[in-house]
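Just below is one structure, and these are the notes that go with it.
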Amino acid sequence: MYDHGSTNGSDAASGGIAVLPNPILLINQRGMVLDASQGAAGMLRVPREELLQGGWLRFLKDAPAITRHFADAAERGLTAFEFEAECLRADGLRVGFDCVSLPDMPDHFGVTLAEGSRDRHLPASYRGKYDRFLEKVEGGRAEGYWMYDAVENTIAWSNTAFDLLQPGGPADRDAVITGEHAHGRFHQDDRDRLIEAVVACLDKGEPVQCQGRLLRQGGAIRHISIRGQRNGDGTKVFGVFSDLTENLNAAILAREIEDRLNLVQDASRHGVWDWHIGREEMFCSDHMKRILGMTTRGNGVAIAQVMDTIHPDDVELYREKLRACLTLGEPLSIELRVNVPDSAVEWVEIKTALGRGPDGQPVRIVGTVSDITRRRRTETDLRTAQAEAEDASNAKSEFVATVSHELRTPLNGIIGMLELLSQGNLTTEQQPLADTAADSARGLLAILDDLLDLSKLGADRLELSPETFDPAELARGVTRLFGPAAGKQHVSLTFEAGENLPHAVSTDRGRLRQIISNLVGNAVKFTRDGTVTVSMMSETAADGRHMLRCRVTDTGIGIDGETLNTLFEPYSQGRSSFAEFGGTGLGLAICKRLAERMGGEIGVDSTQGQGSTFWFTVAYEPAKPASRSVPGSEACAAPADVPVPPAPTVDRPARPAAEAAPAPAASGPAPEKTTAAAGSAPAAAPGPAPEGTHRGHLLIAEDNHVNQRVITAMVSRLGYSYDIVPDGAEAVEAARKGGYDAVLMDVQMPRIDGVMATRLIREEERDTGAHVPIIAITAHAMRGTREEYLAAGMSDFLPKPISVKALAVTLQKFASRAESDGEEKKSTAFAAHSA
4 MYDHGSTNGS DAASGGIAVL PNPILLINQR GMVLDASQGA AGMLRVPREE
54 LLQGGWLRFL KDAPAITRHF ADAAERGLTA FEFEAECLRA DGLRVGFDCV
104 SLPDMPDHFG VTLAEGSRDR HLPASYRGKY DRFLEKVEGG RAEGYWMYDA
154 VENTIAWSNT AFDLLQPGGP ADRDAVITGE HAHGRFHQDD RDRLIEAVVA
204 CLDKGEPVQC QGRLLRQGGA IRHISIRGQR NGDGTKVFGV FSDLTENLNA
254 AILAREIEDR LNLVQDASRH GVWDWHIGRE EMFCSDHMKR ILGMTTRGNG
304 VAIAQVMDTI HPDDVELYRE KLRACLTLGE PLSIELRVNV PDSAVEWVEI
354 KTALGRGPDG QPVRIVGTVS DITRRRRTET DLRTAQAEAE DASNAKSEFV
404 ATVSHELRTP LNGIIGMLEL LSQGNLTTEQ QPLADTAADS ARGLLAILDD
454 LLDLSKLGAD RLELSPETFD PAELARGVTR LFGPAAGKQH VSLTFEAGEN
504 LPHAVSTDRG RLRQIISNLV GNAVKFTRDG TVTVSMMSET AADGRHMLRC
554 RVTDTGIGID GETLNTLFEP YSQGRSSFAE FGGTGLGLAI CKRLAERMGG
604 EIGVDSTQGQ GSTFWFTVAY EPAKPASRSV PGSEACAAPA DVPVPPAPTV
654 DRPARPAAEA APAPAASGPA PEKTTAAAGS APAAAPGPAP EGTHRGHLLI
704 AEDNHVNQRV ITAMVSRLGY SYDIVPDGAE AVEAARKGGY DAVLMDVQMP
754 RIDGVMATRL IREEERDTGA HVPIIAITAH AMRGTREEYL AAGMSDFLPK
804 PISVKALAVT LQKFASRAES DGEEKKSTAF AAHSA
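Basically this note's numbering = 1-based index in the sequence shown + 3.
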C-alpha cells in the first residue's frame with residue numbers, strides 16, 4: 004500500500020506513472036483505468052492507450068467480475084485487496100492484481116500487476132518445475148514503489164519499498180517519513196548523488212537512474228537500484244526500488260569463483276575447456292587461449308580453430324583417443340605436439356572428464372590443457388645425457404677391457420716364462436729372485452682384475468652366476484687359504500658356523516668367496532699376534548628374503564673415525580693412514596658394490612687400537628643339499644701345489660688357482676669351529692712328463708709370438724706334441740684334417756676369431772661325427788664369458804696369464820691319452836673361474 008504522503012487525481016491523470024517501466028495502473032471504483040504505465044502495457048502486450056478507461060477489460064476474461072472487485076472495495080472501504088485474472092492470450096497468462104486505496108483520492112486504487120501461473124494450460128508433468136521457477140523469479144525481484152512530493156517534502160511508499168527501507172511491523176509503517184529521514188538512510192557516499200538525481204529530475208525532467216546503498220536497522224546494507232520520473236507539473240517524482248543485493252552478492256561470488264579459477268589455472272599452468280558434444284564451438288579459458296596462441300575475443304572458440312593448433316602428425320592420434328573417451332568412457336590423457344606461431348610452446352598435455360546426461364549418455368567433455376614443453380625438453384635432455392653417459396661408460400669399459408687384454412698378453416709371457424724358469428736348475432741365489440719376480444707379476448695381475456671388476460660394476464655389466472653350494476665349506480676354504488699368511492703373523496685364524504646356517508644355498512659362489520677373501524686378507528694383514536674370527540649365519544630380512552650374514556672380526560690396529568667415512572670409496576687407501584701397507588684402495592669398494600649387487604649391504608665397526616669387525620649380508624635362495632663334501636675336497640678342483648701367495652694387500656683378495664687344503668678327513672658333518680693350519684702340505688699335481696713320455700698331440704691357435712713361445716714351452720714340458728697356426732681360419736683348416744687330441748684356441752685373433760672358428764669346427768663335426776675338445780685361451784676378461792664360450796661349442800677355457808699347473812690339469816682332463824675316453828671330463832677351469 005502507499006503509506007504517508009499525498010497525491011491527487013490530477014497528478015495521476017496527467018501521466019505521472021506513464022513513463023514507469025513497472026506494471027502499474029490507476030483505477031477508480033467503476034473499474035476504469037485513469038492512467039497506465041508502459042510496464043503494464045508491456046506485460047499485457049497491448050498499446051498503452053488501449054488500456055485507458057474500460058479498454059483494459061477487453062483483454063481479460065470475466066470482466067464483470069473484475070469490475071465488481073473495485074466496486075465492492077469502494078463500498079466496503081477496503082484499503083487493500085488482491086485478485087487474479089486470466090488474459091485473453093494463447094499462452095493463458097494469469098495476472099495478479101495488488102490493489103491499494105489512495106488516501107488523497109477517494110475511491111481510487113493504485114494497482115500493481117504481477118505475472119501469475121500458466122499451469123492450467125501446462126501438462127501436469129511440467130507444473131511443479133514451472134512453479135519452482137516462478138518462485139525463484141518472484142522471490143528474487145523484491146521491487147517496491149515510491150513517490151516523492153517536492154512541495155511537502157514527504158515520501159509515499161509501497162509496503163515492499165517501505166520494508167526494504169525500514170523493516171518492521173505495521174507500527175513502523177505508520178511513522179512519518181520525511182525527505183530528510185529517507186535521505187539519511189542511504190550511505191553517506193551515496194546521498195549527494197541521489198539528491199542530485201532527484202533535483203535534476205524535478206528541474207530538467209531527466210529520469211532518475213542510479214544505484215545506492217541503503218542502511219537498514221541493525222547495520223545491514225542493501226544495494227538498490229532507484230529509477231523514477233517526474234509528473235506533469237514537476238512537483239512529484241514517481242519511482243521504483245529494485246533490490247540488487249542478492250544479484251550483486253551472486254555476481255561478487257561468481258566473480259570470486261572466476262578469479263579463483265583463473266588463479267588456480269595460472270598457478271597450475273592448466274587451461275580449461277568445455278565442449279558440449281555436437282556443437283561447433285567450445286569454451287576455452289583465457290589461460291588455454293594463451294597456451295595455444297589464440298587471439299579470439301571471448302571464450303567461445305570454434306572447434307576447427309582448436310584442431311588447427313595440433314601438429315598434423317598427432318591429429319589422428321588425438322581423434323582416436325577422443326573416440327575411445329566417448330565410446331568407452333575412458334578418461335583421455337594424451338601428450339601432443341602443437342603448432343603455435345611465435346611461441347615457445349611445442350608440447351601440451353590434455354586430460355578430460357566425461358559428463359553424462361540423465362540417460363547416461365555422454366553430453367559434454369570438460370578438460371585441461373597444460374604446457375609441458377619444458378618437461379619434454381628436460382626428458383629429451385635427460386635421455387640424451389643418459390645415452391651419452393652410457394656411451395662414455397661403454398667406452399670406458401671397452402678401454403679397460405682393451406687395456407686388460409694388452410696387459411695380460413705380456414703378463415702371460417712374463418708369468419709363463421718365470422714359471423718355466425723356476426722349474427729349471429736355478430741356484431739358491433737365483434730361485435728367490437725368480438719367485439719374487441713371479442709374485443710381483445701375480446700382484447700386478449690382481450690389480451688388473453680389481454680394475455676390471457670395478458669397471459664392470461660401475462657400468463652395471465657384472466652378471467651374477469648363482470649355483471648351489473655349502474656356504475660353510477666355502478668359508479672354511481678361505482680360512483685355510485690364508486692359514487700360512489696368518490701363521491707368519493702369529494695370528495689365530497678360525498671359522499665359526501651358526502647353528503641355523505643351511506648346508507646348501509643358491510647364490511653367486513665366486514663373488515661371495517671374493518668378498519670373504521678380501522675381508523679376511525685385510526684382517527690378517529692388519530693383525531699382529533692376535534686373532535681373526537670368521538663367522539657366518541642365516542637370517543630373514545624384513546621383506547622375507549633369506550640372507551647370509553658374515554662377520555670378520557680381528558684384534559688388529561683398528562680404524563680411526565676419519566678413515567671410516569671414506570673406507571668404502573674407490574682409491575681411498577692412498578688417502579688413508581693405511582697407505583703405508585700398500586694396495587690400490589679398490590678391494591673394499593668392490594666388496595661394497597658386490598654386496599649391494601647381491602641384494603645385501605656391508606659395514607664396519609671399529610675402535611682404533613682395539614680391532615675391527617667387518618660385516619656384510621647377501622641374499623640367497625634355499626637349495627636342496629648335495630652330498631656333503633669332506634673338508635679339503637676343494638683340492639680336487641684344481642692343482643694343489645700352488646705356492647702360497649704373498650700376504651694380500653689391505654683391500655685386495657688373493658687370487659689363487661685353488662684353495663689349498665689339508666689332507667682329507669673322515670666323512671661326516673663338518674665341525675662348527677675350524678682352525679686354519681699354519682702351513683698345510685700341498686698334494687702333488689701333474690708335473691713335467693718323464694723323458695720319452697707322449698701324452699697327446701695338440702693344435703695351438705695363437706697369433707702372438709711371445710704367447711706362442713710360452714704355450715709351446717709349457718705343453719712340451721708336459722709331454723705333448725703340437726702344431727701351431729696364427730689365426731682362426733688356419734685353425735679351422737687344420738682341425739678339418741684331424742689327428743688332434745685337443746685344440747688350444749686363442750679367442751682374439753686376426754681374420755677369424757676363436758669363437759667363430761669354434762662354431763665352424765662344430766658345424767663341420769655334425770657331418771663327420773667327430774668331436775675334438777676345444778679349450779679357449781683368453782686375455783679379454785670382460786668380453787669373454789662362460790655362456791658365450793659354451794654356446795659357441797668350447798669345452799673349457801683358460802684365462803691368461805696361463806700357469807703350468809692349470810694347463811696341466813685341463814689337458815689331463817681333455818687331451819691325455821692315458822685317460823679313459825668314457826670318463827666324464829668336467830671343466831675345472833670353469834669351476835675355478837666361476838669361483
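Note that CB positions come from ideal geometry on N, CA and C, so glycine has one too.
Straight-line gap, residue i to residue j (C-alpha atoms, nearest Å)
{"i": "residue 513", "j": "residue 428", "result": "37 Å"}
{"i": "residue 91", "j": "residue 43", "result": "15 Å"}
{"i": "residue 778", "j": "residue 813", "result": "8 Å"}
{"i": "residue 346", "j": "residue 294", "result": "9 Å"}
{"i": "residue 102", "j": "residue 78", "result": "15 Å"}
{"i": "residue 492", "j": "residue 727", "result": "47 Å"}
{"i": "residue 335", "j": "residue 750", "result": "56 Å"}
{"i": "residue 328", "j": "residue 270", "result": "27 Å"}
{"i": "residue 447", "j": "residue 590", "result": "14 Å"}
{"i": "residue 29", "j": "residue 39", "result": "6 Å"}
{"i": "residue 658", "j": "residue 790", "result": "With a pLDDT of only 37 at residue 658, under the threshold of 50, the placement of this residue in the model should not be trusted; the figure read from the coordinates follows. Their backbone Cα atoms lie some 22 Å apart in a straight line."}
{"i": "residue 532", "j": "residue 756", "result": "53 Å"}
{"i": "residue 243", "j": "residue 197", "result": "14 Å"}
{"i": "residue 385", "j": "residue 360", "result": "45 Å"}
{"i": "residue 24", "j": "residue 289", "result": "38 Å"}
{"i": "residue 488", "j": "residue 600", "result": "30 Å"}
{"i": "residue 561", "j": "residue 473", "result": "31 Å"}
{"i": "residue 551", "j": "residue 623", "result": "7 Å"}
{"i": "residue 3", "j": "residue 221", "result": "Not covered by the structure: residue 3. The range shown for the chain is 4 to 838."}
{"i": "residue 467", "j": "residue 508", "result": "15 Å"}
Environment of residue i [buried if 16+ CB atoms lie within 10 Å]
{"i": "residue 516", "result": "buried"}
{"i": "residue 104", "result": "buried"}
{"i": "residue 402", "result": "exposed"}
{"i": "residue 411", "result": "buried"}
{"i": "residue 246", "result": "buried"}
{"i": "residue 486", "result": "buried"}
{"i": "residue 387", "result": "exposed"}
{"i": "residue 398", "result": "exposed"}
{"i": "residue 394", "result": "exposed"}
{"i": "residue 390", "result": "exposed"}
{"i": "residue 266", "result": "exposed"}
{"i": "residue 774", "result": "exposed"}
{"i": "residue 183", "result": "exposed"}
{"i": "residue 21", "result": "buried"}
Residues sharing a beta bridge with residue i, DSSP
{"i": "residue 38", "result": "29"}
{"i": "residue 59", "result": "Bridge partners of residue 59: none, in fact."}
{"i": "residue 519", "result": "For residue 519, which the question treats as bridged, DSSP gives no partner whatsoever."}
{"i": "residue 97", "result": "89"}
{"i": "residue 625", "result": "508"}
{"i": "residue 303", "result": "286"}
{"i": "residue 799", "result": "778"}
{"i": "residue 104", "result": "112"}
{"i": "residue 217", "result": "189, 225"}
{"i": "residue 313", "result": "341"}
{"i": "residue 608", "result": "616"}
{"i": "residue 273", "result": "373"}
{"i": "residue 239", "result": "152"}
Check: residue i C-beta below 7 Å from any heavy atom of the ligand MN
{"i": "residue 528", "result": "Of ligands this structure carries none, so the ligand MN is not represented either."}
Would you list, in sequence order, the uninterrupted beta strand (DSSP E) runs of no fewer than 3 residues that lie entirely inside the segment 709–752? 723–728, 745–749
In chain order, which continuous runs of the beta strand (DSSP E) of length 3 or greater are located wholly inside the segment 338–374? Those beta strand (DSSP E) runs which fall completely within the segment 338–374 and span 3+ residues are 350–359, 365–374.
Would you call the segment 791–802 and the segment 758–774 touching, i.e. three or more CB-CB distances under 8 Å? yes
Check whether the segment 802–818 and the segment 712–722 touch, using three or more Cβ-Cβ pairs below 8 Å as the test. yes
Would you call the segment 247–261 and the segment 299–306 touching, i.e. three or more CB-CB distances under 8 Å? no
contact_flag[the segment 218–237, the segment 194–206] where n(CB pairs < 8 Å) is 3 or more: When Cβ pairs closer than 8 Å are counted between the two stretches, the segment 218–237 is seen to touch the segment 194–206, the count reaching three or more.
Are at least three pairs of beta-carbons, each pair with one atom in the segment 611–624 and one in the segment 554–563, less than 8 Å apart? yes
Answer yes if the segment 342–356 comes into contact with the segment 368–376, meaning at least three C-beta pairs across the two stretches below 8 Å, and no otherwise. yes
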